[in-house]
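Below is one structure, written out as structure tokens; comments come after it.
Numbering (this note's numbering), first residue to last: 36 to 447.
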């Protein structure tokens, strides 16, 4: 049995995780409730979790048998690539950690600090981390194993659920704006990888919690450190570094597959906009707009989210009446040229619609049903049409805000 587990079962699981195969709850309702359930299980000291079903019993028994091994490389894989990527209730997790600790002690080794050990320490009285650690020191201890878990999988809901649960527990004890700028580099690579989770649609409810946790993490840095992190992440996205991290994990080499790039840009722009109460961010607007204007998409529909976020940033700046000279440059060098691009896109969509209407008149119903390529193009055209309407509306709104501000400053 141990041979089957070691040679067949565990390698199969690890291979699937390394290929980033999604192994989440198939039931949408369970997906929506998963993180709430996890919090209740691992943070509520008085909660008695229900026993797992029969299939879970079989899996837990197999892992327990494997945990009696003294192959420490295999035990590390068990902890980081199986336990961390599987939903395990807190009372079972405690059993695993106790068993693993006994095995390591047998060879005078220390149980490695990993995500299962950290999540077990939230509730279990066994192998809990010393209370003398400050919240900041605890976070520094936790960040390396949590970062490794992101390397294992950013799409496995259970793995990311544990990461977020531990991270939130660390962050809630740390005062806002208390982490100094000199320390931001310790956490930068983790934040870059964690950003991927904020756009991972397979994570269900956990994705929304990731976004909230990212913002919470950012708020713990002093304002100048927050600015440095946001600017660096923008630069990494522009250089394709963050997107390629994710593509490498799922073995995709096609550059066209970087479809979430505009979403990453949009989110970073929104983060910057949310920090405009800080003077250091207002002073940096000129440089940040310099970054924004370097981003262009030949297809406006592909960059829709990014353009919408840039427009809303311009609206916010106009409403706050920040730096009218900069606003004039944005109007002349960014907004006005986009008007031509939007007009060209509008004409293209209209021409395509007229061509489709003419072809429909000439084609029979059966021909239309069989022509899948044209059906795909029609779907794309409809998406472009919807995107165009939204983009036009926000663009006109932005022009209204900006021109009103510039006229009040006697610059237009």
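In this text, a Cβ means the ideal position worked out from N, Cα and C, and glycines have one as well.
Computed from a predicted structure; not experimentally measured.
- Near residue 340, which residues of its chain fall below 8 angstroms by C-beta distance, leaving aside the five closest residues on each side in sequence? The residue you call residue 340 lines up with position 305 of the chain shown. Contacts found: 297, 298, 300 and 301.
Rounded separation between residue 174 and residue 437 - CA only:
Indexing the chain shown from 1 puts residue 174 at position 139. Indexing the chain shown from 1 puts residue 437 at position 402. For residue 174 and residue 437, the distance between alpha carbons rounds to 43 angstroms.
- List the residues that DSSP assigns as beta-bridge partners of residue 214. As a first step, residue 214 must be located in the chain shown, where it is residue number 179. Its beta-bridge partners are 256.
Point to revise | Rounded separation between residue 158 and residue 210 - CA only | key: Translated into positions along the chain shown, residue 158 becomes position 123. Translated into positions along the chain shown, residue 210 becomes position 175. Between residue 158 and residue 210, the alpha-carbon positions lie close to 23 angstroms from each other.
- To the nearest angstrom, report how far apart residue 285 and residue 225 are at their CA atoms. Here residue 285 is taken as the residue at index 250 of the chain shown, counted from 1. Here residue 225 is taken as the residue at index 190 of the chain shown, counted from 1. Confidence at residue 285 is low in this model, with a pLDDT of 39, below 50, so the placement of that residue is unreliable and no value is reported for it.
Query - Neighbourhood of residue 57 by C-beta, 6 angstroms cutoff - its chain only, sequence neighbours within 5 removed - result: Counting from 1 along the chain shown, the entry for residue 57 is found at position 22. Confidence in residue 57 is poor, its pLDDT being 46 and thus under 50, which makes the residue's placement too unreliable to answer from.
Review point. According to the Cβ coordinates, are residue 248 and residue 201 closer than 8 angstroms?
Key: To locate residue 248, count along the chain shown from 1; it is residue 213. To locate residue 201, count along the chain shown from 1; it is residue 166. No, Cβ-Cβ distance for residue 248 and residue 201 is not below 8 angstroms.
Original post:
For residue 242, is the classification buried or exposed, using 16 other Cβ atoms within 10 angstroms of its Cβ as the cut-off for buried?
Top reply: As a first step, residue 242 is located in the chain shown; it is residue number 207 there, counting from the start. Buried: at least 16 other Cβ atoms inside 10 Å.
By how many angstroms is the C-alpha of residue 193 removed from the C-alpha of residue 455?
Any property of residue 455 remains undetermined from this structure, which presents the chain solely from 36 to 447.
Notebook entry, point to check: For the alpha helix (DSSP H) that contains residue 309, what are its first and last residues?
Noted result: Indexing the chain shown from 1 puts residue 309 at position 274. Where residue 309 is concerned, the enclosing alpha helix (DSSP H) stretches over 296-309.
Query raised in the report: Where does residue 228 land, buried or exposed, given buried means 16+ other C-beta within 10 angstroms?
Result: The count along the chain shown starts at 1 and reaches residue 228 at position 193. By the 10 Å Cβ count, residue 228 comes out buried.
Contact belief for residue 440 with residue 359 at Cβ below 8 angstroms, rounded distance in angstroms: Against the chain shown, residue 440 aligns to sequence position 405. Against the chain shown, residue 359 aligns to sequence position 324. Contact holds; Cβ gap of about 7 angstroms.
query: Candidates 423, 370 and 179: which alpha carbon is nearest residue 222's?
result: As a working note, residue 222 is residue 187 in the chain shown. Nearest C-alpha to residue 222: 179.
- Neighbour-count burial assignment, residue 375, 16 or more Cβ in a 10 Å radius: Counted from its first residue, the chain shown places residue 375 at position 340. Residue 375 is exposed by the Cβ-count criterion.
- Query: Taking the alpha helix (DSSP H) that residue 238 falls in, what are its first and last residues?
  - Reply: Taking the first residue of the chain shown as 1, we reach residue 238 at position 203. Residue 238 -> no alpha helix (DSSP H), and no H or E assigned at all.
Notebook entry, point to check: If we ignore side chains and look at the alpha-carbon of each, how far apart do residue 123 and residue 70 end up?
Noted result: Your numbering for residue 123 matches position 88 in the chain shown. Your numbering for residue 70 matches position 35 in the chain shown. The straight-line gap from Cα to Cα measures roughly 13 angstroms.
* To do: Note down the Cα distance separating residue 148 from residue 73, rounded to an integer number of angstroms.
  => Here residue 148 refers to the residue found at position 113 when the chain shown is read from its first residue. Here residue 73 refers to the residue found at position 38 when the chain shown is read from its first residue. One C-alpha to the other measures close to 20 angstroms.
Member of 349, 323, 446 and 380 whose CA lies at the smallest distance from the CA of residue 432: Along the chain shown, one-based indexing puts residue 432 at 397. Out of 349, 323, 446 and 380, 349 has the C-alpha closest to the C-alpha of residue 432.
Range of the contiguous alpha helix (DSSP H) that encloses residue 184 | Sequence index remark: in the chain shown, residue 184 carries index 149 (1-based). From DSSP, the alpha helix (DSSP H) with residue 184 extends over 170-187.
So residue 158 is in the alpha helix (DSSP H); what residue range does that whole segment cover? If you number the chain shown from 1, residue 158 lands on position 123. Premise fails: residue 158 is in no alpha helix (DSSP H) and is neither H nor E.
* Would DSSP call residue 138 helix, strand or coil? -> In the chain shown, counting from the first residue as 1, residue 138 sits at position 103. Residue 138: helix per DSSP, three-state reduction.
Nearest-angstrom Cα separation, counted from residue 195 out to residue 357: Stepping through the chain shown from its first residue, residue 357 is reached at position 322. Stepping through the chain shown from its first residue, residue 195 is reached at position 160. Cα to Cα, the separation comes out at about 39 angstroms.
#### Entry: Local conformation of residue 147 per DSSP, three classes
Translated into the one-based positions of the chain shown, residue 147 becomes position 112. Looking at residue 147 - three-state DSSP - the assignment turns out to be coil, as it is neither helix nor strand.
Notebook entry, point to check: Are the beta-carbon atoms of residue 311 and residue 351 separated by less than 8 angstroms?
Noted result: Position 276 of the chain shown holds residue 311. Position 316 of the chain shown holds residue 351. Cβ atoms of residue 311 and residue 351: closer than 8 angstroms.
- Would you kindly check if the distance between the Cβ of residue 128 and the Cβ of residue 155 is under 8 angstroms? Counting from one through the chain shown, the residue named residue 155 turns up at place 120. Counting from one through the chain shown, the residue named residue 128 turns up at place 93. It is a contact, given that the beta carbons lie within the stated cut-off.
In whole angstroms, give me the CA-to-CA distance for residue 28 and residue 386. No statement about residue 28 is possible, as the shown extent of the chain runs from 36 to 447 and does not include it.
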